[in-house]
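Residue 221 in the UniProt record's numbering sits at position 190 of the sequence shown, and the numbers go up by one each step. Glycine residues also receive a C-beta, built at the ideal position from the N, C-alpha and C atoms.
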Amino acid sequence: PEKRRRRIRVWCDGCYDMVHYGHSNQLRQAKAMGDYLIVGVHTDSEISKHKGPPVFTQEERYKMVRAIKWVDEVVQGAPYVTTLETLDKYNCDFCVHGDDITLTVDGKDTYEEVKKSGRYRECKRTQGVSTTDLVGRMLLMTKAHHSNIDTSDYQEHTDNFGKLKVKPFSWVCLTKDCWLFDFLLLNRFVDLVCHGKTEIYPDKDGSDPYAEPRRKGILRTVDSGNSLTTDAIVQRIIKNRLLF
Ligand code: CTP
Numbered sequence: 032p033e034k035r036r037r038r039i040r041v042w043c044d045g046c047y048d049m050v051h052y053g054h055s056n057q058l059r060q061a062k063a064m065g066d067y068l069i070v071g072v073h074t075d076s077e078i079s080k081h082k083g084p085p086v087f088t089q090e091e092r093y094k095m096v097r098a099i100k101w102v103d104e105v106v107q108g109a110p111y112v113t114t115l116e117t118l119d120k121y122n123c124d125f126c127v128h129g130d131d132i133t134l135t136v137d138g139k140d141t142y143e144e145v146k147k148s149g150r151y152r153e154c155k156r157t158q159g160v161s162t163t164d165l166v167g168r169m170l171l172m173t174k175a176h177h178s179n180i181d182t183s184d185y186q187e188h189t190d191n192f193g194k195l196k197v198k199p200f201s202w203v204c205l206t207k208d209c210w211l212f213d214f215l216l217l218n219r220f221v222d223l224v225c226h227g228k229t230e231i232y233p234d235k236d237g238s239d240p241y242a243e244p245r246r247k248g249i250l251r252t253v254d255s256g257n258s259l260t261t262d263a264i265v266q267r268i269i270k271n272r273l274l275f
């Protein structure tokens, strides 16, 4: 009988702050290069030292990375610089990173050692999305996100959203949910409409955005077990900014 091929173990590491579809796309590509994907996520203090404090705490970032379907295992508090020692410790064949260079606080390539030993693979960085860009967009939307969003910026992003045929995690968090509840859609395909425990804000004209599902008796409240809101994230970003 044919000898069974050894499973290829792949290593990725990073900050994974404000997890977005660029991150999940990177992890998807990495997983496709092997069989088992291990992701090392840096601690808050390690990130602060090299590039400034993250918006999400390490515990939150571990959880978010663990929730990505291509991830088999998360290593908490992985070192900022990727060494052969780390790859060996977790029995990984090689590591995968997007095609951008990451530097330490002293300007050294964080993948220098693994690159030299041939245990480094590259995947394509996803254009048009980054944590820095998200932070900027969130600061701009402070006022806008509880009123109807009909700006060209919104249009542009919903267009991309359609083309990509993916549901970017952070986009889901940023949008107002109501566009989903188009009357036709609701009547044809939806059995249940769920909203978290947060307050339901009235539409611009004062009407209840959930009036229709409420009338049909298909509105349910779900408990996310988490009190985080977009406003709270924006507040954190502002606080971080004030530190620097
Ligand atoms: N990554 C990617 N595409 C993006 C953003 C990140 O492929 N649009 C990849 C990076 O190349 C890296 C991994 O995601 O392999 C984790 O990146 P991270 O350490 O979180 O930081 P950044 O590269 O700085 O990503 P961002 O600017 O979004 O914070």
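- V70: member of the beta strand (DSSP E) spanning Y67 to V72, first to last residue.
- By the C-beta density criterion, C123 is buried, having at least 16 other C-beta atoms within 10 angstroms.
- Taking C-beta atoms as the reference points, T157 and G129 count as a pair closer than 9 angstroms.
- With a cut-off of 8 angstroms on Cβ pairs, the segment 132 to 144 is in contact with the segment 105 to 121, counting three or more such pairs.
- Of the heavy atoms belonging to ligand 1, none sits nearer than 8 angstroms to the Cβ of Q89.
- Not a single heavy atom of ligand 1 lies less than 8 angstroms from the C-beta of D103.
- Checking the DSSP bridge columns, you'll see F125 partnered with V41.
- Cβ-Cβ separation between V106 and G71: approximately 4 angstroms, consistent with a contact (criterion under 8 angstroms).
- For Q57, the uninterrupted alpha helix (DSSP H) segment begins and ends at Y52 to A63.
- Annotation for R156 indicates a beta carbon within 8 angstroms of some heavy atom of ligand 1.
- Judged by DSSP secondary structure, T162 falls within the alpha helix (DSSP H) whose first and last residues are T162 to L171.
- F87 is positioned such that its CB atom lies closer than 9 angstroms to that of D48.
- Residue burial annotation: P244 is buried, with at least 16 other C-beta atoms found within 10 angstroms of its C-beta.
- Relative to ligand 1, C225 has its C-beta separated by 8 angstroms or more from all heavy atoms.
- V265 and T135 have their C-alpha atoms roughly 27 angstroms apart.
- By the criterion of a C-beta distance shorter than 7 angstroms, S255 is surrounded in its chain by G227, once the five residues flanking it on both sides are discounted.
- Inter-residue distance for V50 and V253 is about 23 angstroms (C-alpha atoms, whole angstroms).
- Here L223 is near R251, since their CB atoms are less than 9 angstroms apart.
- Per DSSP, the unbroken alpha helix (DSSP H) holding L118 starts and ends at L115 to K120.
- Bridge pairing for H226: T252 [DSSP].
- In terms of Cα proximity to S161, the closest of N56, K235 and S79 is N56.
- D140 has L134 as its beta-bridge partners, per DSSP.
- For H81, the distance from the CB to the nearest heavy atom of ligand 1 is not below 8 angstroms.
- Boundaries of the alpha helix (DSSP H) harbouring Q89: Q89 to R97, taken from the DSSP string.
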